[in-house]
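Enquirer: Residue numbers (the UniProt record's numbering), protein chains in the order written: chain F, 1 to 247; chain B, 1 to 247. Every residue, glycine too, gets a C-beta built ideally from N, C-alpha and C. Provided herewith is a single structure, encoded as structure tokens, for subsequent inquiry.
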DNA sequence: TACTGGTATGAATCGGATA
DNA sequence: GTATCCGATTCATACCAGT
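Put into structure tokens, the structure is as follows:
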């Protein structure tokens, strides 16, 4: 398996991809939630919005959390449109969002041409909420280019229960590898998974482990470095596993 | 605890309710999903859509399943607007939907004036899907009139896992009582829960069991009869429980 | 290895003070 | 009134250390 990482703006890089070169898109864009007023949403950094005051960890901030709702929708639509162009027929696109952005996300998915086929909840640990229901779920909107490939003997779950990695976490929104490994199976074996918002590269790690190629784009040099290191580690480990028979 | 059932059109009945007479709205409107084309959605009856072909059971059809998406939104908005008017400050409104209607549902909730505060997934049993992700979740969009009452020491879960009742089921979309019992707790003790689409009356049964009053509306005479019977059973049972100390 | 008890923390939320 | 900042809050769960 191989991986390619681009440091740069997602949309700019996507435009350079050839048609029908991607077999699945799995990504977690910076969605612009959090905060009560529009200015709070657009002016505060991701860390300021999402990290509990007093939290001891010191994870780096990430860019892209400054769009208002309308611009988020059109930006995401354009991005998914380019992904659609670069995808093969039967390709699946999966986009993470929180509850606030879920409707906007499925709108953008459809506006970009994908056939919206479902919304999958997954449950990270979360805080309780006094006087009401705790918000314990996040969502993955998924869609297909054309129709699902019914010839594959593939049955994937419709919801995931897992929590964020706590140890060795390098990104505020890092996803558990076990969940990502399930998701990348939607990509045919040996195909290429695209993640325009690579972050710390969990999608890539999962893809490589599951025998898929990975194509990642990330704006922040800090995170490109981290993703590169993690992915290189995977390949080295693979080679090692191949070389020595034990375990 | 007491209950009131109206046989009639939801909107018509809602308009007759006095202002600020309702403490919570919990309902499962007939949403128009299923079917890939708008004509498929609007022409097939609820039974045809939701009941497995060849299934032997004989649940009655229910009305209201023939709206297209736009008209569904405006109809639901009007309905939720009337509910909003009839609700007290801090009242919570919860609306069930499937994944397809979830964005429309949160739109309507907000258009009606409620402050959308979250989307809760709940998982009924479902069939796997070849070549992709199983669609195992349905959603409850919830919102508040004004703001949540933070003085209550109430902490409710953010997702529910339960399967639809199989035995003793009297309505196609009947919800498990255990889930409904959790939901009705959002209504203050002794308050009144409104369900404009009572169906077989599960919301009412849960409300009565949890010590809330219930106000239900149902168009179908068939289901009003069933709901009435179930609710009367609850009260009788309550009386019995009160009379005899054992269990 | 399996259990147990202590501790840290979360893609938040809320009220209130300040500018 | 709006924007911004600050700090208190809440408990299920993962993690750790110790038996």
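At a Cβ threshold of 9 Å, is residue 96(F) touching chain B?
Expert: Translated into the one-based positions of the first chain, residue 96(F) becomes position 96. With 9 Å as the cut-off, residue 96(F) does not count as an interface residue toward chain B.
Enquirer: Just reading off the alpha helix (DSSP H) that residue 192(F) is part of, what are its end residues?
Expert: The residue you call residue 192(F) lines up with position 192 of the first chain. Per DSSP, residue 192(F) belongs to no alpha helix (DSSP H); it is in the beta strand (DSSP E), 192-195.
Enquirer: Roughly how many angstroms separate the alpha carbons of residue 12(F) and residue 44(F), rounded to a whole number?
Expert: Residue 12(F) sits at position 12 when you count from the first residue of the first chain. Residue 44(F) sits at position 44 when you count from the first residue of the first chain. Cα to Cα, residue 12(F) sits roughly 25 Å from residue 44(F).
Enquirer: I want to verify the contact list: residues of chain F whose CB lies under 8 Å from the CB of residue 154(B), in sequence order.
Expert: Looking up residue 154(B) in the second chain gives position 154. By Cβ distance, chain F contributes 130, 131 and 132.
Enquirer: May I ask you to list the residues that DSSP assigns as paired with residue 6(B)?
Expert: For the purposes of this step, residue 6(B) is identified with residue 6 of the second chain, where counting begins at 1. Beta-bridge pairing links residue 6(B) to 217(B).
Enquirer: For a test of the three-state rule: what should DSSP assign to residue 226(B), helix, strand or coil?
Expert: Taking the first residue of the second chain as 1, we reach residue 226(B) at position 226. Note: residue 226(B) maps to helix in three-state DSSP.
Enquirer: Looking at the C-beta of residue 12(F), does it have a partner C-beta in chain B at a distance below 9 Å?
Expert: Residue mapping note: residue 12(F) aligns to position 12 of the first chain, counting from 1. Judged by the 9 Å Cβ criterion, residue 12(F) is not in contact with chain B.
Enquirer: Please report the residue range of the alpha helix (DSSP H) in which residue 306(F) lies.
Expert: In the structure displayed, chain F extends from 1 to 247; residue 306(F) sits before or after that span and is not available.
Enquirer: Give the range of the beta strand (DSSP E) segment to which residue 204(B) is assigned.
Expert: The sequence position of residue 204(B) within the second chain is 204, counting from 1. Segment 202-209 is the alpha helix (DSSP H) holding residue 204(B); no beta strand (DSSP E) there.
Enquirer: Is the number of C-beta pairs between the region 160-178 of chain F and the region 121-130 of chain F that are closer than 8 Å three or more?
Expert: Cβ pair count under 8 Å is three or more, so yes.
Enquirer: Rounded to whole angstroms, how far is the Cβ of residue 204(B) from the Cβ of residue 214(B), which I believe are closer than 8 Å?
Expert: Working through the second chain from its first residue, we reach residue 204(B) at position 204. Working through the second chain from its first residue, we reach residue 214(B) at position 214. Rounded, the Cβ-Cβ distance is 4 Å, consistent with contact.
Enquirer: Specify whether the region 109-120 of chain B and the region 131-146 of chain B touch according to this definition: at least 3 beta carbon pairs, one from each stretch, less than 8 Å apart.
Expert: Because the criterion of three Cβ pairs below 8 Å is met, the region 109-120 of chain B and the region 131-146 of chain B touch.
Enquirer: One question on the structure: do residue 89(B) and residue 146(B) come within less than 9 Å of each other, judged by their Cβ atoms?
Expert: As a working mapping, residue 89(B) is identified with position 89 in the second chain. As a working mapping, residue 146(B) is identified with position 146 in the second chain. Yes, Cβ-Cβ distance for residue 89(B) and residue 146(B) is below 9 Å.
Enquirer: Which of the three DSSP states is assigned to residue 106(B) in this structure?
Expert: Working through the second chain from its first residue, we reach residue 106(B) at position 106. The answer is helix: DSSP assigns residue 106(B) an H, G or I state.
Enquirer: Any chance the region 18-30 of chain B sits against the region 180-191 of chain B, with 3 or more Cβ pairs inside 8 Å?
Expert: Touching, yes, given that three or more Cβ pairs across the two stretches are closer than 8 Å.
Enquirer: Which value, in whole angstroms, describes the spacing of the CA atoms of residue 194(F) and residue 216(F)?
Expert: The residue you call residue 194(F) lines up with position 194 of the first chain. The residue you call residue 216(F) lines up with position 216 of the first chain. Distance between the alpha carbons of residue 194(F) and residue 216(F) is about 6 Å.
Enquirer: Listed from N- to C-terminal order along the chain, which residues in the region 60-80 of chain F have their beta-carbon within a distance smaller than 7 Å of any beta-carbon of chain B?
Expert: Here the close residues number zero.
Enquirer: Could you tell me the alpha carbon to alpha carbon distance between residue 97(F) and residue 105(F), rounded to whole angstroms?
Expert: In the first chain, counting from the first residue as 1, residue 97(F) sits at position 97. In the first chain, counting from the first residue as 1, residue 105(F) sits at position 105. Straight-line Cα distance between these residues: approximately 7 Å.
Enquirer: Which of helix, strand or coil does DSSP assign to residue 137(B)?
Expert: In the second chain, the residue the question calls residue 137(B) occupies position 137. In this structure, residue 137(B) counts as coil in the three-state DSSP scheme.
Enquirer: Chain F partners of residue 92(B), CB-CB under 8 Å?
Expert: As a first step, residue 92(B) must be located in the second chain, where it is residue number 92. The answer, in chain order, is 132.
Enquirer: Using a beta-carbon distance below 9 Å, is residue 139(F) in contact with chain B?
Expert: Within the first chain, the letter at position 139 stands for residue 139(F). With 9 Å as the cut-off, residue 139(F) counts as an interface residue toward chain B.
Enquirer: Where does the unbroken beta strand (DSSP E) through residue 117(B) begin, and where does it stop?
Expert: Stepping through the second chain from its first residue, residue 117(B) is reached at position 117. 115-123 is the extent of the beta strand (DSSP E) around residue 117(B).
Enquirer: Looking only at C-alpha atoms, which of 6(B), 228(B), 190(B) and 234(B) sits nearest to residue 200(B)?
Expert: Translated into the one-based positions of the second chain, residue 200(B) becomes position 200. Closest by alpha carbon: 228(B).
Enquirer: Starting from residue 46(F), trace the alpha helix (DSSP H) in both directions and tell me its first and last residue.
Expert: Mapped onto the first chain, residue 46(F) falls at position 46. Looking at the DSSP string, the run of the alpha helix (DSSP H) that includes residue 46(F) is 46-50.
Enquirer: In the DSSP assignment, find the unbroken alpha helix (DSSP H) run with residue 86(B) in it and report its ends.
Expert: For this step, residue 86(B) is matched to residue 86 along the second chain. Looking at the DSSP string, the run of the alpha helix (DSSP H) that includes residue 86(B) is 69-86.
Enquirer: Reducing DSSP to helix, strand and coil, say where residue 147(F) ends up.
Expert: Residue mapping note: residue 147(F) aligns to position 147 of the first chain, counting from 1. It is coil, neither helix nor strand.
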